[in-house]
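**Q** Numbering (the working numbering), first residue to last: 103 to 775.
Where is the CB? At the ideal position from N, CA and C, for every residue including glycine.
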Ligand SMILES: [Zn+2]
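(1) Can you check whether the CB of residue 449 is closer than 8 angstroms to the CB of residue 468?
(2) Pick out whichever of 651, 733 and 720 has its Cα sitting closest to the Cα of residue 377.
(3) Please confirm whether residue 351 and residue 260 have their CB atoms less than 8 angstroms apart.
(4) I'd like to know whether the C-beta atoms of residue 311 and residue 281 end up nearer to each other than 8 angstroms.
(5) Quick test of the definition: if touching needs 3 or more C-beta pairs under 8 angstroms, does the region 521-536 touch the region 584-602?
(6) With distances taken from CA atoms, which of 401, 452 and 174 is nearest residue 430?
(7) Let me make sure I understand the geometry here. Which of 210, 162, 192 and 596 has the alpha-carbon closest to that of residue 178?
(8) Under 7 angstroms from any heavy atom of ligand 1, does the C-beta of residue 555 make it?
(9) Tell me, which residues are paired with residue 515 by DSSP?
(10) What is the DSSP secondary structure of residue 681, reduced to helix, strand or coil?
(11) Which residues, in chain order, sit with a beta-carbon under 6 angstroms away from any heavy atom of ligand 1?
(12) Does DSSP put residue 632 in a helix, in a strand, or in coil?
(13) What whole-angstrom Cβ distance do residue 363 and residue 356 have, given they're in contact under 8 angstroms?
(14) Does the distance between the C-beta of residue 672 and the nearest non-hydrogen atom of ligand 3 fall short of 7 angstroms?
(15) Quick check on residue 767: buried or exposed, where buried means 16 or more other Cβ atoms within 10 Å of its Cβ?
(16) DSSP state of residue 502, grouped into three classes?
(17) Let me confirm a value: residue 824 is counted as buried when at least 16 other C-beta atoms fall within 10 Å, else exposed. Which label applies?
(18) How big is the Cα-Cα spacing for residue 658 and residue 195?
(19) How is residue 120 classed by DSSP in three states: helix, strand or coil?
(20) Tell me the DSSP bridge mates of residue 533?
(21) Please tell me whether residue 719 and residue 600 are closer than 8 angstroms, where the distance is taken between their beta carbons.
(22) Rounded to the nearest angstrom, what separates residue 655 and residue 665 at their Cα positions?
(23) Determine contact between the region 738-752 and the region 701-718, defined as no fewer than three beta-carbon pairs at a distance below 8 angstroms.
(24) Might you give, ordered along the chain, the residues of its own chain that have their beta carbon closer than 7 angstroms to the beta carbon of residue 238, omitting 5 neighbours on each side?
(25) Within 10 angstroms of its Cβ, does residue 591 collect 16 or more other Cβ (buried), or is it exposed?
(26) Between which residues of its own chain and residue 241 is the CB-CB distance below 6 angstroms, once the five residues before and five after are set aside?
(27) Quick check: the Cα distance between residue 775 and residue 700, rounded to an integer number of angstroms?
(28) Alpha carbon to alpha carbon, how far is residue 198 from residue 138? Give it in angstroms, no decimals.
(29) Is residue 132 helix, strand or coil when you go by DSSP?
(30) Distance check for residue 608 and residue 549, CA to CA, integer angstroms please.
(31) Among the candidates 227, 554 and 258, whose CA atom is the shortest distance from the CA of residue 247?
(32) Which residues mark the beginning and the end of the alpha helix (DSSP H) in which residue 664 is found?
(33) Look at the alpha carbon of residue 388 and the alpha carbon of residue 597, and state the distance between them as a whole number of angstroms.
(34) Three Cβ pairs or more, each shorter than 8 angstroms: is that satisfied between the region 129-143 and the region 169-186?
(35) Start and end of the beta strand (DSSP E) containing residue 311?
(36) Would you kindly report the start and end of the unbroken alpha helix (DSSP H) that includes residue 559?
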């Protein structure tokens, strides 16, 4: 982090700071969070204030103040719980972690209580059923319906015995999914005595066991790759049982609260709206991409045959061959070595690049703000103010970008304060500026290709929060449906893949020489030689996730039976008997029935790119339109927002064709290398 001085730094114009000691401020410059104990106080205060707000809601007339107070309630609780979630995952001090965790749990339990509070629900329902409701603006109605949906998916409208069952199932789902998720990353332990000898040198050993915790995909010995794969992804009856129980509990919960399947419950407020639409999208995509992916697999077979000595069956591609064959393809290409290209991506140049680009599109600069004592949890965390030319500071992003040992979270976005209107005596007095933490795990500076891609992706999420200007914090920024939430982050990947954007900021970190067009090509295409195969893998995972959450297993059918069936339908390579990546698929935890969102959002982002930025990625006019899309968060249904921007409502075939065209375009470019 030696190059950050190039980012626009706010001069420290308080000379006293240099001479006298100033008492430390709290985390995020909030005085309420200066010590571990402050989490206890902040939680007590938030709970006390919340109870007062709840009483106000219950006793007030059914008018707009119900929504305003519901949002204030949500803001009061989120201000402690969201911050706690971030600190729990990033702070090094065990006492801070412990207290932040307890704050999250206390607030979480209280929220559960609120979700099953019939008086609160009745106040909201009375408002939604009132005559004046129709006269409310769209954002208020959308926010009211989001609150209502949150109550109803928790079964508030049910009789009390069913409500108790909902609470019981929700808690069991949480425990089971957490356990399943935790187990997905555990190594397979093999007694040393029975471990195939070529593997012993590849993995760590303790207490007489070999810990198979990854697959050495680049090992030239095919047996090593294959045996590791068979062990790592081998059948795991414990995980299969957990997953079966999880799916069963999710299905029971969904039917109890009035949905045919869990996927119907999850997708109700998404862009896709229902599982049948997602299925139609995936099937149409599969029909177009699978033949292309199969052709790429044939190309992989050819490469595999050329690689000598490479043991193993040479006429088929196995899952453990993909990486090494891709590396061979890279070697045979005319592309420059990706490692030398990395020298053009120092962290400070990447941040300067984002700054230049935000300035052009939105008139927004990134200013590095001096950090006060006590404000952050690690000395390397940066504080970036997003400063608009005329509107001033519109939000703050704390960027915790570098990897360090013990850092739990990687590549994610934490809301600390959601943007919303603040009121005093029912009058809007100010706007609560959004504050977020952007977390990455950058291992080296200059950055690897993967790290640059992740930084830009996460910056897309940050932008969504920073540009959010919704009235209500419950629907601010990234608090929107998942198939829309990935649009801004994936659109950033389109910008990053554009040579006009890359050539604006990528410079050699030592010589300052600008990046050459050959290096740009190498950055764009290294590791992406098989674009149809990449897309097809996502189609398979999305189809598997959707199928398991939308079609309950039949009597006698196991998770593995379903997995093998879907593999044969959606994968371009053969299924390996007695293996199943499903046992290590960690997206079942928080992306259940929503994994398709990555493909869907990519398709939407691609349409936005084509219509707004492909001609000029620095267009201020398109930037203004795009800012309009992002300012509402989840306060307006994403379908309406996308339609307003594009001028039409994209159909399934528009979405499918957008992804298909991208794959074709990438394939034809790759073929020239
Ligand atoms: Zn993302």
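**A** Result, derived from the coordinates:
(1) no
(2) The residue from 651, 733 and 720 with its alpha-carbon nearest to that of residue 377 is 651.
(3) no
(4) no
(5) no
(6) Checked all of 401, 452 and 174; the closest Cα to residue 430 is 401.
(7) 210
(8) no
(9) 540
(10) strand
(11) Those residues placing their Cβ nearer than 6 angstroms to any heavy atom of ligand 1 are, following chain order, 559, 563, 588 and 591.
(12) coil
(13) 6 angstroms
(14) Within the structure as shown, ligand 3 is missing, the only ligands being ligand 1.
(15) exposed
(16) strand
(17) Not covered by the structure: residue 824. The range shown for the chain is 103 to 775.
(18) Linking residue 658 to residue 195 through their CA atoms gives a straight-line distance of about 50 angstroms.
(19) In this prediction, residue 120 has a pLDDT of 37, which is less than 50 and means its spatial position is unreliable; what the coordinates show is noted afterwards. Three-state result, residue 120: helix.
(20) Residue 533 is bridged to 523.
(21) yes
(22) For residue 655 and residue 665, the gap between their C-alpha atoms comes out near 11 angstroms.
(23) yes
(24) 166
(25) buried
(26) 573 and 737
(27) 28 angstroms
(28) Cα to Cα, residue 138 sits roughly 5 angstroms from residue 198.
(29) coil
(30) The alpha-carbon atoms of residue 549 and residue 608 are separated by roughly 11 angstroms.
(31) 227
(32) Residue 664: member of the alpha helix (DSSP H) spanning 661-672, first to last residue.
(33) 26 angstroms
(34) yes
(35) 311-314
(36) 551-569
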